[in-house]
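Enquirer:
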Amino acid sequence: MPRYFHLKTVRTNSQFKTLRRLETDRLHSATKFRRKPKTYPVTLIRHADFVAACASIQTIYSQLPDDYDGDATRIFSASAENQQAPAVQVTCVVNVVGLLIFRSKAAESVLHTKIKRSTHLMAVRLQTEYPRPHRHRYCCVISTNGKQGTEESAVLGVDITNHQATIGLVLPIWQDMSVKLYGDGGFELVTKDTEKQFRPVSVQALWAAFQAVNRACHVARTNAYFSRGLTHDWVSYYHNLPASDTCQMQEWLKTDDIDSFNRYVPPQAPLSDDATDEEKERRRMEALLAAKLQEIMYSVDLEEVTVLQLRQRLEEELQQPLRDYRHFIEEEVLTIYGRMDEASAILDHLLLGTTFNASNRAELERRSVSHILNVTREVDNFFPGEKFEYKNIRVYDDEQSSLLSHFEETHRFINEAKAQGTACLVHCKMGISRSATA
């Protein structure tokens, strides 16, 4: 007699048929009511359409209420006419993923006029490191047929601030560009000269942007576009549009390799009218401490003095305790100390310096610096979008890093400053190895 018994449920054929029908109905019901994600065709934005759409963008964001948070159920749109093709009407619509463009074209026939309408995702909305009210960031791929009759493309970064659209990034797509995912819902564009990272707000936006850039890169490789060729002359139109401010521009340029201490810190925004008396007093006090601290540091022996002694000296002069400001004082001491050592003049038009020299606007202006060659991966460009011309050679400070392949372009960049009668600052992090080699 067996020790264990397996209980089995015996069902008739009719019972099996009934169970199968119920399971089929359950799967059909789940499929019927499942929410399918809306997708957009991978279509690049035509240059002429985007020019027309710029006016629509301004109109759209002047309509947005103060509490708009990208809710997809609240739609705001505007239309404009394509100047190169008057029969084409371009309409922009804001939604939670980005900006949509509707391209309507009237096709006349003998009997009637037919409106042909096409839709694609115009610009995907990106996450921002410095969220502020009335501020949005978008990324899109613009394309047009160039002089050679082939499709040419560029990546465009658009900032919307207080209902105004400005350009934060213009990046032509050459044959050496590659696109890859870098984790946490972002992708990056990599060339021999630069790396740009983008983080869309959703999976849907990531898919649309990633596919559009991949297609544009494939076309660039097929037609062998390179930076000093005869293509992409139309990109100059976007360089002439209003540029974003320094804080916004820096966000387009930043990468994960940049050290937090060497990262650009946006200037403090003016206090609002409803700021508390405590906030106003702290802002006034920090400005006073920065000025007094600079005076003290120029009058003492910095090889002997400590940060604590500097704080005590400030307390003696101001006749009040400053323990609550000790972190601010420590950071300000390092900033002032770094700027006290000026960049070395190698030639009349060539200066060699450190991160602190590159961040000292007063020194740059006093020494007529117009070009800045940044030979680091971990240090930001401090004043992008302003009167300084930047070039980045992104290498690490180790024995395996080779600068030989960059000599021609760095020599050309330095000579540009010489031809203008200005100076070029070459810097790495400490001004010793990489910048001296470049």
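Sequence positions in the sequence shown follow full-length UniProt numbering and run 1 to 438. Beta carbons: idealized from backbone N, C-alpha and C, even for Gly. Please read these numbers as outputs of a predicted model, since none were measured by experiment.
#1: Short check: CB of T177 to CB of A224, under 8 angstroms?
#2: DSSP three-state call for D176: helix, strand or coil?
#3: Going along the chain, which residues of its own chain have a beta-carbon closer than 6 angstroms to the beta-carbon of L181, five neighbours each way excluded?
#4: Can you check DSSP and say which residues form a bridge with S299?
#5: For R366, count the other beta carbons within 10 Å of its own beta carbon; 16 or more makes it buried, fewer makes it exposed. Which is it?
#6: Considering only the alpha carbon of each residue, which of N415, N381, K429, T144 lies closest to T194?
#7: Any contact of the stretch 161-170 with the stretch 241-249, i.e. 3+ C-beta pairs under 8 angstroms?
#8: May I have the straight-line CA-CA distance separating E416 from D277, to the nearest angstrom?
#9: Does DSSP put N145 in a helix, a strand or coil?
#10: Check each candidate in V395, Q319, I336, V307 and name the one with the smallest Cα separation from R326.
#11: Just the C-alpha distance for S310 and K280, rounded to the nearest angstrom, thanks.
#12: Quick one: is E251 buried, meaning 16 or more other Cβ sit within 10 Å of its Cβ, or exposed?
#13: Can you find the residues in the same chain that come closer than 6 angstroms, C-beta to C-beta, to H136, ignoring five residues on each side of it along the sequence?
#14: Could you work out which residue in L364, I393, G421, S402 is closest to T410 when comparing CA atoms only?
#15: Less than 8 angstroms between the CB atoms is what I'm expecting for L364 and K391, so what's the real figure, rounded?
#16: So, for F328: in the same chain, excluding its five sequence neighbours on each side, which residues have a beta-carbon less than 8 angstroms away from its beta-carbon?
#17: Counting pairs of beta carbons, one from the stretch 351-359 and one from the stretch 207-220, are three or more of them closer than 8 angstroms?
#18: Consult DSSP for T31 and reduce its assignment to one of helix, strand or coil.
#19: To which residues of the same chain is K429 closer than 6 angstroms at the C-beta, ignoring the five residues directly before and after it?
#20: Roughly how many whole angstroms lie between the Cα atoms of L156 and E315?
#21: In this structure, how does DSSP classify Q319 when only helix, strand and coil are distinguished?
#22: In its own chain, which residues sit with a C-beta less than 7 angstroms from the C-beta of I346, not counting the 5 before and 5 after it?
#23: Write down the C-beta distance between V235 and A154 rounded to the nearest angstrom, noting that I regard them as a contact closer than 8 angstroms.
#24: Given that a residue counts as buried once 16 or more other Cβ atoms are within 10 Å of its Cβ, and exposed if not, what is M249?
#25: Provide the residue(s) that pair with G183 in DSSP beta bridges, ordered along the chain.
#26: Quick one: residues in its chain with C-beta nearer than 8 angstroms to the C-beta of H6, no 5 flanking neighbours on either side, listed in chain order?
#27: Distance, Cα to Cα, E129 vs V141?
#28: Is F413 buried or exposed, if buried means 16 or more other CB atoms sit within 10 Å of its CB?
#29: Measuring alpha carbon to alpha carbon, tell me which of S368, R282, S227, Y298 ends up nearest Y337.
#30: One question on the structure: do Q148 and T231 come within less than 8 angstroms of each other, judged by their Cβ atoms?
#31: By how many angstroms is the C-alpha of V426 removed from the C-alpha of E330?
#32: Hey, T246 and E386: beta-carbon distance below 8 angstroms or not?
Expert: The structure says:
#1: The sequence given here has Met at residue 177, not Thr. Taking 8 angstroms as the Cβ cut-off, M177 and A224 do not qualify as a contacting pair.
#2: coil
#3: F187
#4: Paired residues: none, contrary to the question.
#5: exposed
#6: Closest by C-alpha distance to T194, out of N415, N381, K429, T144, is N381.
#7: yes
#8: When the Cα atoms are used, E416 and D277 turn out to be separated by approximately 50 angstroms.
#9: strand
#10: V307
#11: The question names Ser, but residue 310 in the sequence shown is Leu. The alpha-carbon atoms of L310 and K280 are separated by roughly 24 angstroms.
#12: buried
#13: I160
#14: I393
#15: Separation of the CB atoms of L364 and K391 is rounded to 15 angstroms, and the pair is thereby denied contact status at 8 angstroms.
#16: E286, L289
#17: no
#18: Low confidence applies here, because T31 scores a pLDDT of 49, under 50, leaving its location unreliable; read the following figure in that light. The answer is helix: DSSP assigns T31 an H, G or I state.
#19: T355, T376, V379
#20: 50 angstroms
#21: coil
#22: L352
#23: 5 angstroms
#24: buried
#25: G186
#26: Unreliable positioning characterises H6 in this predicted model, as indicated by a pLDDT of 38, which lies under 50. A coordinate reading is not provided.
#27: 22 angstroms
#28: The residue is buried, with at least 16 neighbouring Cβ atoms inside 10 Å.
#29: Nearest option by C-alpha distance: Y298.
#30: Taking 8 angstroms as the Cβ cut-off, Q148 and T231 qualify as a contacting pair.
#31: 27 angstroms
#32: yes
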